[in-house]
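So the sequence lines, in the order shown, correspond to chains C and U. One point on numbering: in UniProt numbering, the residue at position 250 of the first sequence is 250, and numbering is uninterrupted. One point on numbering: in UniProt numbering, the residue at position 377 of the second sequence is 377, and numbering is uninterrupted. Glycine included, each C-beta is placed from N, C-alpha and C at the ideal position. A short write-up of the structure that comes next.
There are 2 protein chains.
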Amino acid sequence: MLLDDLRRRVGDDCLVTDTDVMESFAHDEAEWAPYGKPAVVVRARTAEDVQAVVQVCIEHQTPLIARGAGTGLSGAANAIDGCVILSLERMNKVLEVNPLERLAVVQPGVVNDHLRDHVAESGLWYPPDPASSPWSTIGGNLATNAGGMCCVKYGVTREYVLGMQLVTGTGELVRIGRRTAKGVAGYDLTGLMVGSEGTLGIATEITVRLRPLRAEEITVAGFFDTMVDAGKAVEAVAAAGLTPSALELVDRNCLKAVDDWRNMGLSVDANVVLLGRTDAPGDTGLAEAEQMVQCFTDAGATYAVRSEDSAEGDALFAARRMAYPALERLGPLLTEDVCVPKFQVPTMLGRIEEIGRRHDVLIATLAHAGDGNLHPMMLTAQGDEDQKRRSLAAFDEIIAAAIELGGTVTGEHGVGLLKLDGLAAEQAPEVLALYRAVKRALDPHNILNPGKGIVA
Amino acid sequence: MLLDDLRRRVGDDCLVTDTDVMESFAHDEAEWAPYGKPAVVVRARTAEDVQAVVQVCIEHQTPLIARGAGTGLSGAANAIDGCVILSLERMNKVLEVNPLERLAVVQPGVVNDHLRDHVAESGLWYPPDPASSPWSTIGGNLATNAGGMCCVKYGVTREYVLGMQLVTGTGELVRIGRRTAKGVAGYDLTGLMVGSEGTLGIATEITVRLRPLRAEEITVAGFFDTMVDAGKAVEAVAAAGLTPSALELVDRNCLKAVDDWRNMGLSVDANVVLLGRTDAPGDTGLAEAEQMVQCFTDAGATYAVRSEDSAEGDALFAARRMAYPALERLGPLLTEDVCVPKFQVPTMLGRIEEIGRRHDVLIATLAHAGDGNLHPMMLTAQGDEDQKRRSLAAFDEIIAAAIELGGTVTGEHGVGLLKLDGLAAEQAPEVLALYRAVKRALDPHNILNPGKGIVA
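Next up, the structure:
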C-alpha cells in the first residue's frame, strides 16, 4: 500500500527496496546508535517528489526520515523500523550564485565543498566548514546547524541561511525567509528550521548568505606538554581580544593516527598541538599572528612559531582534517561534542584526561578550541564489549562534566539519538515542554523524524 | 478584581492607574496607529513581578502588552482597551560584562547606548545601533530584532542574542539559549523570540554577544543630484566586493530639517548624500575608503571625498542620526521601512520619488542603503486630513512596490499593527498559518500582545 502509493506519486525509479542497498541508507556515522529497517528509500529528484513523499507518509502515518550524505554523528538520520528514508543527494544543483546580493540558491544535496569551490569562482566564500565538508551536504548542514573550523570567527550554518523552500509537516510546499539583507516580517521560521534535524520540515531549496573571499590565512602552531597548558593558551588568546579565523587543538593520538595512515612525516614532539589562524589582511594579520605566538608561549608552549611557509601550515591543518577518518580506521569511535565557556576549557580538558584514565579508555581529542567546542573520541577495539561499556561510561561522564561546568552537551553535532538524555539533563523540563509544543504545532501528524532531537 | 490581584502579587507601588500617566504608556511612536485605554500599567522591578503579571493576566484572560521605551515605529506596543501594559524600564541593570566570553547579561530595560558605553570600558562593543539607541532598550530591540547603521557589516540584534531568561505564555520562568560560543541542543527558541514583538514570551534577562572594540572608522561622503544615481553608487559598492561598516543615504529634506533645528551649518549642495564608512584597520581601511570614493564618482557623484577630518564625518553622521527627531518636530511623520535586494535600490528610490510626486506628498528619505533598507517618511501638516489620506495612499503604494521588486514590507521596524496587511500581501497563506500554529503553541491563552505581529 505504502509502496504502491509512493510508486504512483514519485515513480518506480526513485524507489530503493533492495535490503542491502537500504542498509547503507539506514544510519549515519554515529557509533552504536540504534537503527531499524526502512520500508523503502526514496531518492527524490524534485521538491514535488519531496512533497509527495510527505503527503503519502501522512496518509499512511509512516515516519519519514530525510537525509543528506549521512555523515552525521548523532544518529539523527537513523532509520526506524518500517519508515521511509528520503535521500536528497540527487537534488544537487547550485541554482544561482549572485555576487551583488552575496547569496547562492542551492538544492539540499549540494556538497559543502562543492558549493565553496563553485562560489569561489565568483570571488565569494561560504564559511561554514564542518570536517565532513568533502562529503556532507548543505541540507544536512542545515538540519544539524553544522559548525566547523572557521566558525570561531564567522559563526555557524544558521548565520548563513537566509531562507528556504520547505515541505511542511502538513505536506505544503512553501517559501520562508528572504533574499534581502534584512527582514523582520513574521516569526523567524528559517532559524527555527536550522538545527531541527528534519523534525519540523524538509528543505527543498536553500538560500545561503555569502561573504567576499578573504585574505590568505597565516598559521601559528604551538606545541604543549599538557592539555591544561593548551587550554590556558586558548583562554589567553580570548583574553588578549584576538579573534582568530581558526583555533584548533589536536592531540598526539590524532596526529599519530594520521601519520600512520598517510605517512605525512608529522614528526611532532608534543602531546598537544594548537593551530591558530588569522585572515586579517596585511600588517594587522602579521600582528595578530605574533600576538598568538606570544599567548601560546606565555601559556607554557614548548615551541610556538608563526608559519611563514603556508604549505607547512596547510599540512598541519590537513592532518587535523584527516584525524577523524584516520581514527575511524582503527575501530569503533565514539565521538563527543561538548561545548564549554572559554574559561572552562583548561578544566574541561583536564577532566577529559582524568575520565579517560579512570575508565581505562583511549581518548583522542580534537577541538574547535577557540569556541570551547571539544571532540574527545573514545577508541575501542572491534567487538571488545568491556571496552565498549567503559567508553559509554566515559561518554556519559564527559557530558555530565560539561553540564557541571556551564556548558552544553552538543556544540555542533546535534542531539539526534545520542544526546537525548544529555539534553534532558542540561535543560529544564519547562523548556523541553516548549520544544514539544513547537514540534506538535509544525508536525501535527508526528511523522517527521519522530523520536529525534527533542525529548518526547 | 484584576487590579486587586495585581496589587496583591506585585505591590501597589508598581501600579499606575492615573489616566494621564497611562496615556503616555499606551502607544509607541508609530504615526496614526490605533491604540486603546489600558486598565493598568505595571512597572515591573523583577523577573518574579513579570511572571506574576503574566499569571494574573492568564487568570483574567486579559491581554498583556510588554514595552521598553516605546520608541517603536510599528504600533507593536500599542494598548488594547482594558489591557495590562507591562513596562520593563525599571529593570535597567547590566548584570555582567565578561571580556573573556565576550558577552554581557542585562535586564531588558537597559538602554542601548548605555550598554554600548558600559561594555566599551572593558574594550568590548555591542554592535546593533538603531537610530533610537539613546532611548530604546535592549528588551525592545530584542522584541523588534532592531537593526541600525552598522548592521550592513555586523548584522542585526538576532545575531547578538545568545540566550535569555523568559516568562512563557503559560507563566513559567525559564532560561533558553546559552552562554557558550556554540550550542545546538534543542530548537532555536532564542532566535524565535527575537523579533516576535512580545507575542511569544517576555524576556526578563538577556545574554548578548559582544565583539572587541574596533578600529576608528573612516568616513566617505558623496553628493548626488538624483536618488537613482545614489542608488547606483550603493549597487557599485556591493558589486566591488566592499563591506562598508555603514552606508547611509540622507536626502535634502532630511538635511534641511536638521539644519533648521540645530543650525549645524550643513551647507550641502546636493539632493542626496551618501555616507559610507569603513572600520577595516590600517592600509586596508584607507584602500576601502578610496574604492568607495571611486564607486561614488563612477555612479555620477557631483562630489565625493574621503573625510580626513573625523569631526567632519562625525558631523554628517550626527545629522543623519538627528534626521528623524528633526522631521518629527514638523508634524505627523509616517515612516516606511521597506527592504529590497541591492540591485533594486536605484529602481525603488525612483519609485518612491514618483509615488510622492503623484500623491503630492512630501517624502523625506533616509536609508540604510547598503542593506537596501529604505525609510521614506511622509510629512504632513497637523490636522490636514486630505494630506493624511494621500500619505496613507503613498505608504501603501510603497509597500506594494517593495513586494513587487522582491523585497519585504519591513526591514527592521517590525510588523506591529502598521504592516499586518503588508505581511499578508508579502507572504503565502500557508506561511501565515505556520505563524499562527507557533503562536498557539507558545501562547495558548492568547494573552501576549494579541493582534500584533502576525495575521490572525
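If you check each beta-carbon in the region 225–241 of chain C against every beta-carbon of chain U, the ones closer than 9 Å belong to Glu235, Ala238, Ala239, Gly241. For Glu121/U, the secondary structure class from DSSP, reduced to helix, strand or coil, is coil. For the 8 Å CB-CB criterion, Val431/U and Ile176/C form a contact. Proximity of Val409/U to chain C, defined by a Cβ-Cβ separation below 8 Å, is satisfied. The beta-bridge partner set that DSSP reports for Ile65/U consists of Ile85/U. Beta-bridge pairing by DSSP links Ala369/C to no other residue. The residue among Pro134/C, Gln55/C, Pro127/C, Asp18/C with its C-alpha nearest the C-alpha of His114/C is Pro134/C. Residues of the region 162–187 of chain U whose Cβ lies closer than 8 Å to any Cβ of chain C, in chain order: Thr168, Glu172, Val174, Arg175, Ile176, Arg178, Arg179, Thr180, Ala181, Lys182, Gly183, Val184, Ala185, Gly186, Tyr187.
Residues are counted here when their Cβ sits less than 7 Å from a Cβ of chain U; for the region 434–456 of chain C these are Leu434, Tyr435, Ala437, Val438, Arg440, Ala441, Leu442, Ile454, given in chain order. With a 10 Å radius around the Cβ and a threshold of 16 neighbouring Cβ atoms, Val21/C comes out exposed. Judged by DSSP in its simplified three-state form, Pro127/U adopts coil rather than helix or strand.
Residues of the region 185–204 of chain C with a C-beta atom less than 8 Å from some C-beta of chain U are Ala185, Gly186, Tyr187, Asp188, Leu189, Gly191, Leu192, Val194, Gly195, Ser196, Leu200, listed in chain order.
Listed along chain C, the residues sitting closer than 7 Å to Gln427/U by beta-carbon distance are Ala185, Gly186. Val361/U carries a coil assignment under DSSP once its states are collapsed to helix, strand and coil. Taking a Cβ-Cβ cut-off of 7 Å, the neighbours of Asp371/U in chain C comprise Ala181, Lys182, given in sequence order. The beta carbon of Ile80/U sits closer than 6 Å to the beta carbons of Gly36, Pro63 from its chain, once the five residues preceding and following it are set aside; these are given in chain order. Asn263/C sits exposed, since fewer than 16 C-beta atoms from the chains shown fall within 10 Å of its C-beta. When only Cα atoms are considered, Gly198/C and Leu142/C end up about 9 Å apart. Interface annotation, Val340/C: in contact with chain U, CB-CB separation under 8 Å. Distance from the CA atom of Gly313/C to the CA atom of Arg102/C, rounded to whole angstroms, is 29 Å. At a cut-off of 8 Å between beta-carbon atoms, Leu423/U makes contact with chain C. Leu100/U reaches chain C at Glu235, Ala238, Ala239, Pro341, Lys342, Phe343, counting residues in chain order whose Cβ is nearer than 9 Å. A straight-line Cα-Cα distance of about 10 Å links Gly140/C and Val110/C.
Using beta-carbon distances, Gly75/U does not count as an interface residue toward chain C, since no partner is under 8 Å. In the structure shown, the three-state DSSP call for Val415/C is coil. Segment contact: the region 392–408 of chain U against the region 159–176 of chain C, fewer than three CB-CB distances shorter than 8 Å; contact not assigned. With the criterion set as a beta carbon lying under 8 Å from some beta carbon of chain C, the members of the region 97–131 of chain U are Pro99, Leu100, Glu101, Arg102, Gly123, in sequence order. By the Cβ criterion, the region 234–241 of chain U is not in contact with the region 178–196 of chain U, since fewer than three pairs of Cβ atoms, one from each stretch, lie closer than 8 Å.
Residue burial annotation: Thr19/C is exposed, with fewer than 16 other C-beta atoms found within 10 angstroms of its C-beta. By the rule that beta-carbons nearer than 8 Å mark a contact, Arg45/C does not touch chain U. Contacts with chain C at 8 Å (Cβ-Cβ) do not include Arg67/U. Residue state for Met164/U is assigned as strand, using DSSP reduced to three classes.
If you look at Glu172/U, you'll find it isn't in any alpha helix (DSSP H); DSSP assigns it neither H nor E. If only complete runs of 4 or more residues are kept, the region 298–368 of chain C shows the alpha helix (DSSP H) at 310–328, 345–358, in order along the chain. Under a criterion of Cβ atoms nearer than 8 Å, no residue of chain C is adjacent to Asn92/U; the nearest Cβ is some 25 Å distant.
Taking 7 Å as the Cβ-Cβ cut-off, the region 273–287 of chain C approaches chain U at Pro281, Gly282, Asp283, Thr284, given in chain order.
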